[in-house]
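What follows is a set of notes on a single structure, which appears directly below.
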Amino acid sequence: MRRSRWIGAGFLASALILTSCTSGPAGADVEQDSKATLQLWTRTTPGGPGEKGTLALAAAFEKATGHKVEVTAIFDDFETKLQQRAAQRDLPDIVMNDVTQLGAMHEQGLLREIDLDKIKHSKQLIAQGLGSGKSLDGKQFGLPYSAQATALLIRKDWREKLRLDTPRNWDDFTAMAEAFTTEDPDGDGKKNTFGLAAPLSTKRGYASWYFSNFLWAAGGDFITEAGDGTYEPAMTTEKSVKAVQWFRDLGCEDKAIQPGAVTMDTPPTNETFESGRTGMFAVGPYLLPRFDEVLGKDKYEVVPMPKGPKDATVLAEGGTIYLMAGSENQAGQDAFADFAVSAEGQRTGMRGETGFTVQLPVNKTVDISEVRPDPRWKTYAEVYRSSGRYAPSIPNWSAVRQTTAETVNALMADCDLDTRGELRDLDKKLADILEEQGIAAS
Amino acid sequence: MSLDQVKRAPLPERRAHRAAGRGADGADGAAAGHRRRDRRAGRWWTPWLFLAPALLLFLYFKFIPMANALTMSFQEVQPYLGNRWVGTENYATVLGSDGFRDAAWHTVVLAAGQTAGSMLLGLALALLMEGQGRRLGFVRSAAFLPVVVPIAVVAELWRIMYHPTEDGMVNSLLGLVGFGPSGFINDPDSSLVSIMVTGIWRGAPYDMMIFLAGLASVDRGLYEAAKVDGASRFQRVRHVTVPGLRSVFSILFILAAIRGLRVFTEVFLLTNGGPDGSTEVVMTLIYKLGLEQNRLGVGAAGAVLLFLMTLILTIAVHLVRRRESK
Numbered sequence: 013m014r015r016s017r018w019i020g021a022g023f024l025a026s027a028l029i030l031t032s033c034t035s036g037p038a039g040a041d042v043e044q045d046s047k048a049t050l051q052l053w054t055r056t057t058p059g060g061p062g063e064k065g066t067l068a069l070a071a072a073f074e075k076a077t078g079h080k081v082e083v084t085a086i087f088d089d090f091e092t093k094l095q096q097r098a099a100q101r102d103l104p105d106i107v108m109n110d111v112t113q114l115g116a117m118h119e120q121g122l123l124r125e126i127d128l129d130k131i132k133h134s135k136q137l138i139a140q141g142l143g144s145g146k147s148l149d150g151k152q153f154g155l156p157y158s159a160q161a162t163a164l165l166i167r168k169d170w171r172e173k174l175r176l177d178t179p180r181n182w183d184d185f186t187a188m189a190e191a192f193t194t195e196d197p198d199g200d201g202k203k204n205t206f207g208l209a210a211p212l213s214t215k216r217g218y219a220s221w222y223f224s225n226f227l228w229a230a231g232g233d234f235i236t237e238a239g240d241g242t243y244e245p246a247m248t249t250e251k252s253v254k255a256v257q258w259f260r261d262l263g264c265e266d267k268a269i270q271p272g273a274v275t276m277d278t279p280p281t282n283e284t285f286e287s288g289r290t291g292m293f294a295v296g297p298y299l300l301p302r303f304d305e306v307l308g309k310d311k312y313e314v315v316p317m318p319k320g321p322k323d324a325t326v327l328a329e330g331g332t333i334y335l336m337a338g339s340e341n342q343a344g345q346d347a348f349a350d351f352a353v354s355a356e357g358q359r360t361g362m363r364g365e366t367g368f369t370v371q372l373p374v375n376k377t378v379d380i381s382e383v384r385p386d387p388r389w390k391t392y393a394e395v396y397r398s399s400g401r402y403a404p405s406i407p408n409w410s411a412v413r414q415t416t417a418e419t420v421n422a423l424m425a426d427c428d429l430d431t432r433g434e435l436r437d438l439d440k441k442l443a444d445i446l447e448e449q450g451i452a453a454s
Numbered sequence: 009m010s011l012d013q014v015k016r017a018p019l020p021e022r023r024a025h026r027a028a029g030r031g032a033d034g035a036d037g038a039a040a041g042h043r044r045r046d047r048r049a050g051r052w053w054t055p056w057l058f059l060a061p062a063l064l065l066f067l068y069f070k071f072i073p074m075a076n077a078l079t080m081s082f083q084e085v086q087p088y089l090g091n092r093w094v095g096t097e098n099y100a101t102v103l104g105s106d107g108f109r110d111a112a113w114h115t116v117v118l119a120a121g122q123t124a125g126s127m128l129l130g131l132a133l134a135l136l137m138e139g140q141g142r143r144l145g146f147v148r149s150a151a152f153l154p155v156v157v158p159i160a161v162v163a164e165l166w167r168i169m170y171h172p173t174e175d176g177m178v179n180s181l182l183g184l185v186g187f188g189p190s191g192f193i194n195d196p197d198s199s200l201v202s203i204m205v206t207g208i209w210r211g212a213p214y215d216m217m218i219f220l221a222g223l224a225s226v227d228r229g230l231y232e233a234a235k236v237d238g239a240s241r242f243q244r245v246r247h248v249t250v251p252g253l254r255s256v257f258s259i260l261f262i263l264a265a266i267r268g269l270r271v272f273t274e275v276f277l278l279t280n281g282g283p284d285g286s287t288e289v290v291m292t293l294i295y296k297l298g299l300e301q302n303r304l305g306v307g308a309a310g311a312v313l314l315f316l317m318t319l320i321l322t323i324a325v326h327l328v329r330r331r332e333s334k
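Chains as they are written, first to last, in my numbering: chain Y, 13 to 454; chain H, 9 to 334.
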C-alpha cells in the first residue's frame, strides 16, 4: 500500500517535471527545409466557400512556385486552437486571420518579422493596408491580403415604398430608422420591423466593433494617441459621449434596433436583415453573396455610411497573412506572402461568386471593376480608400475591444444607466489596460 | 457440498506435509508461505499493470494539463518568447477584477438555483413517472430528451422561445394571462433567471432518472404501512419517499452543484455574460480573460480558483454526509 502511494507520487512528480520542462523559450533557429509542406490555417468555415477560395489560392501558389501547402479552415474558436498549438510549440507556418490579432500574436512571440525586401510585391500594396501590418514599434509583422470597410445596406423596396432618400447624414439615418420601425415598410399590418440590425453581444467584442463606425464618424475614440507610441483613454471626451448618447437613443428612445440585439452576435443579426425584420445594416462586403442568395439582389442596395458630426470614417478591417514563428520553411512562407499580395494572387483570391478570399484588393495595380463588374463592390472599394480606418496596432487590441464592448452592451441593455458615469468607469478600465500593456501616457 | 467448497478444502496429505515442513524448518516454511501468498495474490505490480493504460491516459490528458495550468497561473504565458514568472500577480488580477466578485456571485446563485430547481422538478417528474406501466417507458424517454439534445441546439431553441417581443413563443403565452412581453435573456433583470430556467429544463430529466432508480429501492411495504396508518399522499412522500432517497439526494447534490459551478456553455451561447454583465459567471470570465484577451496566465489563475471552490464544496458535502451517517 505504502509502495503504491510512492508510485502515485512518482507519477505526479513526473508530470510536474515534464510540465516545467516545457516552459523555456522556443528555439528560433529551426533547421530549414525549403521543400517542407507549408501548413496554412485560415479563419473561415470548414467546407464553406472561404475554404474553397483559400484552396484555389494555395493551388495557384503551388503551380507558380512549387511549394506545397496544406490548408486547414477553422472558424469557431480559431484563436483558442492557435493558442493550443502555440502551447505545443507546433504552430502552423502561415495564418490568415483578422488584422486585429496582430498585437496579441506579436506580444506572445508567435510571429516572425517580415523582411519586406524578400516580398517584392509589397511595394504595390496600398499604404494604409501595409501600415495595418506594422506593430507599435513600426516593424512589419503582418501583410494584408484582403481589405474590407463598412458600408450601409438598405432595404431598397422599403425605402422606395416610404419615399425616402438614401441617408446622407445622421439625421437622415435616424429618420429612416424610425420610419422603418413605425411605418410598416413591409406592409403586413404588424409592428414587426426595425430600423437597424446591430450585433451588440459582447462575444469577440462585437458591440464595440459595430459601434466604432459611429464613434469615429462623430470624432470620438476608444483610446487616442498621445505621442511617442503612448495612448490615453478617450471615451469621456464630448465627441465620444455624444456618439454614445446618439446611438443609445436609437435603441432606447426610438426602439429602432432589433429586439434582442444585446445578446446577438453576427449570425442571428444577419438573419434579421435577410428575413425582413430589419431595414439597415452597417457591414462589410463579405455578406453580399449571402444576402444576394437569401434576400435577393434587387431587394437591397449598398451606399456609403452617412456622414456623422465629423465625417464618414468607418471601420476598415482585413485579412492579414501572418508568418508564424518556428517554421522550418521560411523561404516558403515568404514566397506565399509575396504571391498572395501580387496582382496574380489578388486576382486569384477575388475569383468566384462566393468562394473568394480577397474582399477588396490591397494591391494598387488591381482594379476591382475588372474582376467584379458589380458597382456595389466599387462602392466598398471607394469607402475603404476614402474613409477606412484600422484599429491601432497596440499590443493587445482585443482587451480594449472586449472592455469597450461590455460598456456599450450595458448601456444598450439598460436604458436607466447613467451614460457619463459608465463612460467614466470605462475610461478607468482602459487606463488600467494601457498601463498593463506598457503604452499608457504618463 | 458445492464445487467451491471442494476446491477450498485442503487435502489431508497436503495438510500433513505442511505441518511436517513447519516442524522441520520454520524459516523455510515461512518463505514458502510467502511465495504461495505471492502466487495467490500475484506480483505487487500486477494491478498497476492493468491500471497502467488508464493511468497513462489520465496522466497525459488530465494531470499533466492540470499541472500545466497550475504552473501557468504563476506565469505570463508567451510560448515562443519564454514564459515569465510573475508570482501571484495573475491571482491578484483575477481577484481584483471588477467582474470577478459579480461573476462568482452569479455562479453561486445559478448553481444553487439550477441545483434546487433540477432536483425538485426531477423528483416531481420521477414521482409522476414511477411504475411499471408499458407506456411509461416511452414517456420517460421523451422526458429524458433534453439531456441528450446537444447544448448548442438547446441554446438556439431557448433563444427562439425567449424572443423578446409579443410574438415570441414564451411571451405569447405570457400575453394570454395578461403579462407584458419580457426581455428574458435580453433584460439584465431577468437574464440570470432565464438562464437558470434553461438549466433546470435540461438538468431535471437527468435527476429524474437517478430518482427513478432510487425509488425502486424504497420498500413498498412502508408505503402500505403508512397508508394503513392513515398517512396522506403528501405525508407518504415526505415521511417515506424522501428519507428513502437520502443517499440519492446527496449524490445528486454533489453532481448538480459541481455542474452548476462549472456552468459555461449555455451562458456562453445565450448571453456570453451579458447584457450588462448580468449573467457573467466565473467560467465565461475565465474564457474572456484567457482566450479572448490572450491572457492565458490570468485565465489559468481563474481556473485554479474555480477548481479550489469546487474542491472545497465537494469536501464539505462529504464531511456532512460522513457526520450524518455516524
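The beta-carbon is built from N, C-alpha and C at its ideal position, and this holds for glycine as well.
Length of the line joining the Cα atoms of residue i and residue j
| i | j | result |
| --- | --- | --- |
| Y:Ala422 | H:Trp209 | 28 Å |
| Y:Met108 | H:Leu144 | 54 Å |
| Y:Glu447 | H:Glu84 | 16 Å |
| Y:Gly272 | H:Met169 | 12 Å |
| H:Ile323 | H:Leu269 | 15 Å |
| Y:Lys203 | H:Thr101 | 47 Å |
| Y:Ala352 | H:Glu274 | 40 Å |
| H:Leu316 | H:Leu78 | 12 Å |
| Y:Glu434 | Y:Thr284 | 29 Å |
| H:Thr91 | H:Ala309 | Note that residue 91 of chain H corresponds to Asn in the displayed sequence, not to Thr. If I take the Cα positions, the gap works out to 15 Å. |
| Y:Gln449 | Y:Trp409 | 10 Å |
| Y:Pro156 | H:Val156 | 44 Å |
| Y:Glu91 | Y:Ala343 | 25 Å |
| H:Ser199 | H:Pro283 | 8 Å |
| Y:Val295 | Y:Phe234 | 20 Å |
CB of residue i within 8 Å of CB of residue j, strictly
| i | j | result |
| --- | --- | --- |
| Y:Ile406 | Y:Tyr243 | yes |
| Y:Glu74 | Y:Val81 | yes |
| H:Pro213 | H:Leu133 | yes |
| Y:Ala98 | H:Tyr68 | no |
| Y:Asp379 | Y:Ile131 | no |
| Y:Arg158 | Y:Val383 | Rather than Arg, the amino acid found at residue 158 of chain Y in this sequence is Ser. The answer is no: Cβ separation not under 8 Å. |
Residue i, DSSP secondary structure in three states
| i | result |
| --- | --- |
| H:Met127 | helix |
| H:Ala77 | helix |
| H:Asn98 | helix |
| Y:Trp258 | helix |
| Y:Gly291 | strand |
| Y:Lys80 | coil |
| Y:Asn181 | strand |
| Y:Tyr402 | coil |
| H:Gly29 | Bear in mind that a pLDDT of 45 at H:Gly29, under 50, signals an unreliable position, so the model cannot answer this. |
| Y:Tyr298 | helix |
| Y:Thr236 | strand |
| Y:Asn282 | helix |
| H:Ile320 | helix |
| H:Met353 | In the structure as shown, chain H begins at 9 and stops at 334. Residue 353 of chain H is therefore absent and cannot be evaluated. |
| H:Tyr88 | coil |
| Y:Asn225 | helix |
| Y:Ser252 | helix |
Beta-carbon proximity list for residue i, same chain, < 6 Å, skipping 5 on both sides
| i | result |
| --- | --- |
| Y:Lys441 | Thr415 |
| Y:Leu69 | Thr360, Gly361, Thr369 |
Cβ shell of residue i (< 8 Å), same chain only, five flanking positions each side left out
| i | result |
| --- | --- |
| Y:Ile451 | Leu148, Gly241, Thr242, Tyr243, Ile406, Pro407 |
| Y:Arg432 | Thr248, Val253 |
| H:Val245 | Leu135 |
| H:Ser190 | Pro172, Val178, Asn179, Leu182, Ser198 |
| H:Ser105 | Leu293, Leu297 |
Minimum length 3: unbroken beta strand (DSSP E) runs contained in the segment 135-200 of chain H | none
Starting from the N-terminal side, write out each stretch of the alpha helix (DSSP H) that is 4 residues or longer and does not extend beyond the segment 233-297 of chain H.
-> 241-244, 254-269, 273-278, 290-295
Mind pulling the beta strand (DSSP E) runs of 3 or more residues that sit fully within the segment 375-453 of chain Y?
-> none
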